[in-house]
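Participant: Numbering-wise (the UniProt record's numbering), the sequence shown opens with residue 1 and increments by one.
Each residue gets a CB set at the ideal place from its N, CA and C atoms; glycine is no exception.
Quantities reported herein were computed from a predicted structural model and do not represent experimental measurements.
This structure is in structure tokens; I'll ask about it shortly.
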Amino acid sequence: MTTFTGSTALDLSRSPAITAKIFRHAHEVPGETAVSFRDRTFSWQEFGSLVRCSARDLQRRGVGRGDRVAILLTNRPEFLVLTAAAAALGAISVPINFRLTRGEVAYIIDNVSPEILFTEHGARDLAAAAVQDAQSSPVVIDCDDVDLLTVSEYPDGELGDDECFVPEAGDDYAIIHTSGTTGNPKGAVITHGGIFACSAQVANRWALSSGDGVVMLAPPLFHIGTFLACHGAIAGGATSLVIPSAGFDPAETLQTMKRFAVTAAFMVPQQWQLLCEEIERTGAEGLALTHANWGGAPASEKLLERMKVCMPSTEVKASFGQTETTGYGVGLEFEDSLRKPGSVGKPADDMAVRVVDAEMNDVAVGEVGEIVYRGVGVMSRYWRNPDATAEAFRGGWFHSGDLVRRDDEGFIYVVDRLKDMIISGGENIYCAEIENALAWHPDIAEVSIVGRPDEKWGEVPVACIVPKDPTSPPDLQSVRAYLKDRLASYKHPKDVRIVEAFPRSGIGKIQKTVLRDVVESR
Numbered sequence: 001m002t003t004f005t006g007s008t009a010l011d012l013s014r015s016p017a018i019t020a021k022i023f024r025h026a027h028e029v030p031g032e033t034a035v036s037f038r039d040r041t042f043s044w045q046e047f048g049s050l051v052r053c054s055a056r057d058l059q060r061r062g063v064g065r066g067d068r069v070a071i072l073l074t075n076r077p078e079f080l081v082l083t084a085a086a087a088a089l090g091a092i093s094v095p096i097n098f099r100l101t102r103g104e105v106a107y108i109i110d111n112v113s114p115e116i117l118f119t120e121h122g123a124r125d126l127a128a129a130a131v132q133d134a135q136s137s138p139v140v141i142d143c144d145d146v147d148l149l150t151v152s153e154y155p156d157g158e159l160g161d162d163e164c165f166v167p168e169a170g171d172d173y174a175i176i177h178t179s180g181t182t183g184n185p186k187g188a189v190i191t192h193g194g195i196f197a198c199s200a201q202v203a204n205r206w207a208l209s210s211g212d213g214v215v216m217l218a219p220p221l222f223h224i225g226t227f228l229a230c231h232g233a234i235a236g237g238a239t240s241l242v243i244p245s246a247g248f249d250p251a252e253t254l255q256t257m258k259r260f261a262v263t264a265a266f267m268v269p270q271q272w273q274l275l276c277e278e279i280e281r282t283g284a285e286g287l288a289l290t291h292a293n294w295g296g297a298p299a300s301e302k303l304l305e306r307m308k309v310c311m312p313s314t315e316v317k318a319s320f321g322q323t324e325t326t327g328y329g330v331g332l333e334f335e336d337s338l339r340k341p342g343s344v345g346k347p348a349d350d351m352a353v354r355v356v357d358a359e360m361n362d363v364a365v366g367e368v369g370e371i372v373y374r375g376v377g378v379m380s381r382y383w384r385n386p387d388a389t390a391e392a393f394r395g396g397w398f399h400s401g402d403l404v405r406r407d408d409e410g411f412i413y414v415v416d417r418l419k420d421m422i423i424s425g426g427e428n429i430y431c432a433e434i435e436n437a438l439a440w441h442p443d444i445a446e447v448s449i450v451g452r453p454d455e456k457w458g459e460v461p462v463a464c465i466v467p468k469d470p471t472s473p474p475d476l477q478s479v480r481a482y483l484k485d486r487l488a489s490y491k492h493p494k495d496v497r498i499v500e501a502f503p504r505s506g507i508g509k510i511q512k513t514v515l516r517d518v519v520e521s522r
């Protein structure tokens, strides 16, 4: 067995309490800004008091250790306050995607049986409908009706130091549900040790320190990438700049980054692409960004090259992982990105990985296999789903479903998702490989490859394309001609579908299940 690990080990001999970090910053740098949202700012002293007051209020409402606190909110400071307040009591926060349907939210409510569900005016109807459909009956609190951001509004005062929960590394911190693309979503249980270790690594990678650094939180906070980014800011003592949830506006985002001197940001590749287009139009003057992190979806080599050109003073870094690994498993440092184009890096600290075949045998260097994980950042289990947990941890390692290869230096290269791999005439075809090649096509703005059933070959690749010029889209002949000297002929798409835009999830991932339905229906 060949195991690849990070370079150092994080000392978790002391309690891995994220709340302790908040209270420490409140003591050491009380006047520095902890959270910024629209025209409001909260110092670490204010933020710490809000967390203590909110924890006392949750306690008064009957919340204690092990209870679940559901959070159905758009991006706003209350999200951060409630997550930390629940942790201070030993309760478990459950972020919920506000873009889900009532049935999907009802399923999550029944899965976790929360004591309380926090929502807001914009999601109140969704919350009410979901609770009506669910078997569980949490207390619903509208954050637009109750002021959770003013200490004087809490009549019971603050939770004291001696009342704060002191966690062990394996204690439950949060339940974050997967996308559910292959069935009902599964609740990945993130531990105190996992969020503590991974957030410390983020703070280190982004060079965050007390009173120094501004982390922009633009994607939804319910997503593990943004959830981890805000905890990285807490671990480092930097400012969390919370961006309201709305349609991504690259012009407004760039102006916000300049105005608030943002130094670090996590976004999905589509958002970085739009931001680069805006920089090319208006310029990067005044941009203080030092660390640009991408994840959540594959990034083409073309996009990474573009980011380096548009933001030459910014370190472009990859964070590769998933909800079940607390959003982090493999990372690529800036200095390596120049000599390892296309790689997502090496295993994170406190993470061991293997690249294996279906029988859990390690594959050779350069061969494709599934990446499996062990480490403090790996979830403890799927909530109330022992069968899925056993399947995910078969052989004693967490199975990611990601197909990768590694080079002789141990750098990891993502090939595809196991479920997206196309088997055509007995040959494995990796969608990401075709997508990466076609990303350079001069007439293609975006491309996504999906499989279509075929009587002769079993399955064949189809290219779904957003053209640069809608009046002159590329056809199948031009696509195949472009790939002639780039990929083996059996990997070439057998059909082309031109679309105006791709269906996307709440965090910007292309929904290939929807594309497959479109392709198969025509």
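Tell me whether Tyr413 sits in a helix, a strand or coil according to DSSP, three-state version.
Facilitator: One-based indexing of the sequence shown puts residue 413 at position 413. DSSP, read as helix, strand or coil, puts Tyr413 in strand.
Participant: Taking a contact to mean a Cβ-Cβ separation below 8 Å, would you say Val355 touches Val415 in this structure?
Facilitator: By 1-based counting over the sequence shown, the position of residue 355 is 355. By 1-based counting over the sequence shown, the position of residue 415 is 415. No; because the gap between Cβ atoms is not below 8 Å, this pair is not in contact.
Participant: Can you give me the Cβ contacts of Asn111 inside the same chain, cut-off strictly under 7 Å, excluding the 5 residues immediately before and after it?
Facilitator: Locating residue 111 in the sequence shown gives position 111, where the first residue counts as 1. Here the set comprises Gly187, Trp383, Arg384.
Participant: Along the chain, where does the beta strand (DSSP E) that runs through Met216 open and close?
Facilitator: As a working note, residue 216 is residue 216 in the sequence shown. Taken as a continuous stretch (DSSP letters only), the beta strand (DSSP E) holding Met216 covers 214 to 217.
Participant: To which residues of the same chain is Lys512 closer than 7 Å at the C-beta, ignoring the five residues directly before and after it?
Facilitator: For this step, residue 512 is matched to residue 512 along the sequence shown. Once the five neighbours on either side are set aside, the close Cβ partners of Lys512 are Asp420, Ser448, Val450.
Participant: Does DSSP classify Cys276 as helix, strand or coil?
Facilitator: In the sequence shown, the residue the question calls residue 276 occupies position 276. Here Cys276 sits in helix by DSSP.
Participant: Threshold first: 3 residues or longer. Then list the beta strand (DSSP E) segments lying entirely within the stretch 78 to 130, N to C.
Facilitator: 92 to 95, 116 to 119
Participant: Does the separation of the CB atoms of Glu370 and Leu418 fall below 8 Å?
Facilitator: Taking the first residue of the sequence shown as 1, we reach residue 370 at position 370. Taking the first residue of the sequence shown as 1, we reach residue 418 at position 418. Between Glu370 and Leu418, the C-beta spacing is below 8 Å.
Participant: Which one of Ala207, Thr325, Val368 has the shortest CA to CA distance from Leu289?
Facilitator: Counting from one through the sequence shown, the residue named residue 289 turns up at place 289. Selected option, being the one with the closest Cα: Ala207.
Participant: From His192 to Asn293, what distance separates their C-alpha atoms?
Facilitator: In the sequence shown, counting from the first residue as 1, residue 192 sits at position 192. In the sequence shown, counting from the first residue as 1, residue 293 sits at position 293. A straight-line Cα-Cα distance of about 23 Å links His192 and Asn293.
Participant: Exposed or buried, which one is Asp249 when buried takes at least 16 other CB atoms within 10 Å?
Facilitator: Working through the sequence shown from its first residue, we reach residue 249 at position 249. Result: exposed.
Participant: With respect to the beta strand (DSSP E) encompassing Asp454, which residues constitute its N-terminal and C-terminal limits?
Facilitator: The residue given as residue 454 occupies position 454 in the sequence shown. That run of the beta strand (DSSP E) goes 444 to 454.
Participant: Per DSSP, Leu241 forms a beta bridge with which residues?
Facilitator: Walking along the sequence shown from the start, residue 241 turns up at place 241. The partner list for Leu241 (beta bridge, DSSP) reads Ser36, Met216.
Participant: Tell me which same chain residues have a C-beta within less than 8 Å of the C-beta of Ala235, skipping the five on either side of it?
Facilitator: On the sequence shown, residue 235 is found 235 positions in, with the first residue counted as 1. Only Ile18, Lys21, Phe196, Ser199, Ala200, Val202, Ala203, Leu208 meet the Cβ criterion.
Participant: Please state whether the Cβ-Cβ distance between Gly237 and His399 is less than 8 Å.
Facilitator: As a working note, residue 237 is residue 237 in the sequence shown. As a working note, residue 399 is residue 399 in the sequence shown. Contact flag unset, no.
Participant: Can you tell me whether Val499 is helix, strand or coil according to DSSP?
Facilitator: By one-based count along the sequence shown, residue 499 stands at place 499. Looking at Val499 - three-state DSSP - the assignment turns out to be coil, as it is neither helix nor strand.
Participant: Leaving aside the five residues before and after Leu487 along the sequence, list all residues of the same chain whose C-beta is less than 8 Å from its C-beta, in chain order.
Facilitator: Residue mapping note: residue 487 aligns to position 487 of the sequence shown, counting from 1. Closer than 8 Å at Cβ, skipping near neighbours: Glu433, Ile434, Ala437.
Participant: Would you call the stretch 42 to 54 and the stretch 92 to 104 touching, i.e. three or more CB-CB distances under 8 Å?
Facilitator: no
Participant: Could you spell out the range, first to last residue, of the beta strand (DSSP E) harbouring Ala70?
Facilitator: As a working note, residue 70 is residue 70 in the sequence shown. Unbroken beta strand (DSSP E) run through Ala70: 68 to 71.
Participant: What does the Cβ neighbour count give for Gly62, buried or exposed, with the cut at 16 atoms within 10 Å?
Facilitator: Numbered from 1 along the sequence shown, position 62 holds the residue referred to as residue 62. When all chains shown are included, Gly62 counts as exposed.
Participant: Return the chain-ordered ranges of every alpha helix (DSSP H) run that is complete within the stretch 245 to 308 and spans a minimum of 4 residues.
Facilitator: 250 to 259, 269 to 282
Participant: Distance, Cα to Cα, Ala123 vs Met267?
Facilitator: The residue given as residue 123 occupies position 123 in the sequence shown. The residue given as residue 267 occupies position 267 in the sequence shown. The straight-line gap from Cα to Cα measures roughly 24 Å.
Participant: So Leu148 and Val81 are in contact, right, with Cβ under 8 Å, and what is the actual spacing, rounded?
Facilitator: Residue 148 sits at position 148 when you count from the first residue of the sequence shown. Residue 81 sits at position 81 when you count from the first residue of the sequence shown. 6 Å between Cβ atoms; contact.
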